[in-house]
Amino acid sequence: MSQIEEVSVAKFKHLVSERALTGETMLLNMGPQHPSTHGVLRLLLELDGEIVVNCIPDVGYLHTGIEKNMEAKTYQKAEVMTDRLDYMNTMGNNLAYVVAVEKLIDLDVPARAQGLRVILTELQRIASHLVWLGTSGLDLAAMSMFLYCFREREQILDIFELVSGQRMMTTYFRPGGVWRDVPVEFEKAVRDFIKIFPKRVDEYESLLTKNPLFIDRTVGLGKLDGAAALSYGVTGPTLRASGVDWDLRKARPYCGYEQYDFKVPVLNDGDVYARYLVRIEELRESLKIVEQALNKLPLGPVRSANRKFVPPPRSEIGVSMEALIHHFKLWTEGFSAPQASIYSAVESPRGELGLLLEGDGGPKPLRVHLRTPSFDNLSVLSQIVKGHLVADLVAILSSIDIVLGDIDR
Amino acid sequence: MDKKLEPIVKTVQEKFGASLEEFRNEAHLLVKPEQIVDVLTLLRDEQNFEMLSALTAVDYYPQDAPRFHVVYQLTSLAKNLSVQVRVPVNGSSPKVPTAARLYDVANWREREILDMFGIEFDGHPDPRRILSPEDMEGHPLRKDFPLGYEEPQFTFNFDEIDLLKPYAKE
Chain A
1 MSQIEEVSVA KFKHLVSERA LTGETMLLNM GPQHPSTHGV LRLLLELDGE IVVNCIPDVG
61 YLHTGIEKNM EAKTYQKAEV MTDRLDYMNT MGNNLAYVVA VEKLIDLDVP ARAQGLRVIL
121 TELQRIASHL VWLGTSGLDL AAMSMFLYCF REREQILDIF ELVSGQRMMT TYFRPGGVWR
181 DVPVEFEKAV RDFIKIFPKR VDEYESLLTK NPLFIDRTVG LGKLDGAAAL SYGVTGPTLR
241 ASGVDWDLRK ARPYCGYEQY DFKVPVLNDG DVYARYLVRI EELRESLKIV EQALNKLPLG
301 PVRSANRKFV PPPRSEIGVS MEALIHHFKL WTEGFSAPQA SIYSAVESPR GELGLLLEGD
361 GGPKPLRVHL RTPSFDNLSV LSQIVKGHLV ADLVAILSSI DIVLGDIDR
Chain B
1001 MDKKLEPIVK TVQEKFGASL EEFRNEAHLL VKPEQIVDVL TLLRDEQNFE MLSALTAVDY
1061 YPQDAPRFHV VYQLTSLAKN LSVQVRVPVN GSSPKVPTAA RLYDVANWRE REILDMFGIE
1121 FDGHPDPRRI LSPEDMEGHP LRKDFPLGYE EPQFTFNFDE IDLLKPYAKE
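Here the protein sequences come in this chain order: A and B. Just so you know, we're using this note's numbering here: the first sequence kicks off at 1 and counts up by one. Just so you know, we're using this note's numbering here: the second sequence kicks off at 1001 and counts up by one.
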């Protein structure tokens, strides 16, 4: 770039204090390239010595126009865009999308597919929380956490590779079911994970939960009360650490979550330590759901038999003319959805992942809005870091667990 | 529609003359732009809709009156209910009063709509673009904003396209 623009404080006059205008406090950029911002996030900080007076987050460095791109694709093809959204929660994004499409076109899903969806999304939740635990440990100089967490996450990604062929960009759930049935090795792989994981969570806890250094750096930091959290649209573990008992899996069950017995951990402190404890407890609860869903997993088809929306199996195409026609129609034109709008939401590891999906009667959506939890969760940051040290800002930022792909879309 | 939601919808309909659309058990209330702050205040203070789950817009181009719908998805945690309020806006200099004083989340979400659709929010505390660069022209999620505007650059036509590219040159 040839032009280097002088950034003047005048542009941010309404966001900083009077003292910044006289030069008494300092304005400092943190990011966009900074290891502790968990991606390309820029924070404009107003500092009084080491104390944060104001924090102005600047997002959009990872904006890729996913919503616009989805409008130009058929309902089946638009699904691959959702993987790229929140790259720590690919299965969960697929789930949010297919649940929304199924609601729009009113499609049934067989019980086995529902069970598989629950198992894989909960494994994804564990994997996502593990990345969070590892990286936020790293932010607080707990180097070994990162290595241990990624060891277990790798095991989950191997399971994903087993079922979908991909470690991260899975696109395994499809409207009406899942891509194909899981291989025979799937059950053993998940059982192995269920066997080792509870012990590993205890190990993580023994490293951090009672560690005086960790407690010093987390307790009482970044306090957020329930009412403010709701006003800022904060959801997920961050909201539940502020004393609000709200989990879409319990409140509005989807994919048969009502069959499983699990607790929603809620704490009242609303600080960084409470958010840590809530997520650790969620690791255990998610594992409980995985185990129950695996024990209950019924046999049967994994895709809906509604041929107007779900392509027929390969074996039918050779012998049935109708199957061939359906296959051809679905892969050239796609299926049409009614001219109507729905909003559906699922609980992602970060909170309420909602989709506003509007059809125009044709095979492409008129509007797909992704209500991503990180976006709203980050907007509360400027409120909860005021008066804290810069070093603590890093801890607070990592405690709300943002993923920049989820924010910028 | 949920049984518990019916009286709430009825109150809004009677008070503001809102029209109702129903689809797959969802209730969508259409109100005028100048009423939106009152509707949201009523729903938040009297009916416990504590959270504004989603705030976005839809573009119905080439239709012009109304061209946009601004969509407010409200959630009540206490009653476990959801209701959607929609505000139709015309295509020429679209403007809606801000909801940022009622729900803090509206601050960033309205900036996103301003950025993506060019709908202005009257009285917004911080009306800047949020996702795209501040010097960008146009609003990407409008239907008349082309997708794939840039011609792909290959080895054989690299220089030719490079000349036409709008980025800053020495």
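Think of the CB as a built atom: it goes at the ideal place given N, C-alpha and C, for glycine as much as any other residue. Only a predicted model underlies this, so the values are computations on that prediction, with no experimental measurement involved.
- Contact between B/Ala1057 and B/Ile1119 holds: their C-beta atoms lie close to 6 Å from each other, under 8 Å.
- Counting along the chain, the unbroken alpha helix (DSSP H) around A/Ile384 starts and ends at 381-384.
- The residues Asp1115, Met1116, Phe1117, Gly1118, Phe1145, in chain order, have a CB closer than 8 Å to that of B/His1139 in the same chain once the five nearest residues on each side in sequence are set aside.
- Taking a Cβ-Cβ threshold of 9 Å, none of the residues of chain A is close to B/Gln1035; the smallest such distance is about 20 Å.
- For a cut-off of 8 Å, the C-beta gap from B/Ile1036 to B/Val1087 is around 5 Å, short enough to register as a contact.
- The Cβ of B/Val1085 sits no closer than 9 Å to any Cβ of chain A.
- Residues of the region 1047-1058 of chain B with a C-beta less than 7 Å from any C-beta of chain A: Glu1050, Met1051, Leu1052, Ser1053, Ala1054, Thr1056, Val1058, listed in chain order.
- Under DSSP, B/Val1083 forms a beta bridge with B/Leu1074.
- Here B/Ser1093 carries a coil assignment [DSSP, helix/strand/coil].
- Residue nearest to A/Leu15 within the set A/Ile280, A/Cys55, A/Ile215, A/Lys73 is A/Cys55 (criterion: CA-CA distance).
- Unbroken beta strand (DSSP E) stretches of 3 residues or longer found wholly inside the region 317-379 of chain A: 341-348, 351-359, 365-371, given in chain order.
- Interface flag for B/Val1071 against chain A is set, since a Cβ pair is found closer than 9 Å.
- Under the three-state reduction of DSSP output, A/Gly177 falls in the strand class.
- In this structure, A/Gly243 and A/Asn268 form a Cβ contact; the two beta carbons are roughly 4 Å apart against a cut-off of 8 Å.
- If you compare the alpha carbons of A/Gln292, A/Ala113, A/Val98 with that of A/Leu299, the shortest gap goes to A/Ala113.
- Annotation note: the region 228-284 of chain A contains the following uninterrupted alpha helix (DSSP H) runs of length 4 or greater, listed N- to C-terminal: 237-240, 248-251.
- Interface flag for B/Met1116 against chain A is set, since a Cβ pair is found closer than 9 Å.
- The continuous alpha helix (DSSP H) containing A/Met70 extends over residues 66-71.
- Here DSSP, grouped into helix, strand and coil, assigns A/Met26 to strand.
- As DSSP reads the structure, B/Thr1056 sits in a beta bridge with B/Val1071.
- When CB distances to chain A are screened at a threshold of 9 Å, the residues of the region 1092-1109 of chain B falling below it are Leu1102, Tyr1103, Asp1104, Val1105, Ala1106, Asn1107, Trp1108, Arg1109, in chain order.
- Within the same chain, and ignoring the five residues on either side of A/Ile126 in sequence, the residues whose Cβ sits closer than 7 Å to its Cβ are Ile156, Leu283, Ser286, Leu287.
- When C-alpha distances from A/Ser398 are compared across A/Lys386, A/Ser374, A/Gly387, the shortest belongs to A/Ser374.
- Chain B places a beta carbon closer than 9 Å to that of A/Asn69, counting this residue as a contact.
- For a Cβ distance threshold of 7 Å, residue set Gly65, Lys68 of chain A lies close to B/Pro1140, ordered along the chain.
- In the structure shown, B/Asn1157 adopts coil according to DSSP, grouped into three states.
- By the Cβ criterion, the region 1040-1054 of chain B is in contact with the region 1071-1086 of chain B, since at least three pairs of Cβ atoms, one from each stretch, lie closer than 8 Å.
- A/Leu147 and A/Met88 have their C-alpha atoms roughly 17 Å apart.
- By the CB criterion at 9 Å, A/Ala241 and A/Val278 fall inside the cutoff.
- Taking C-beta atoms under 8 Å as the contact rule, B/Asn1080 and A/Ala96 fail to qualify, at a distance of about 19 Å.
- In terms of beta-carbon proximity, A/Ser379 lines the interface with chain B, with at least one pair separated by less than 9 Å.
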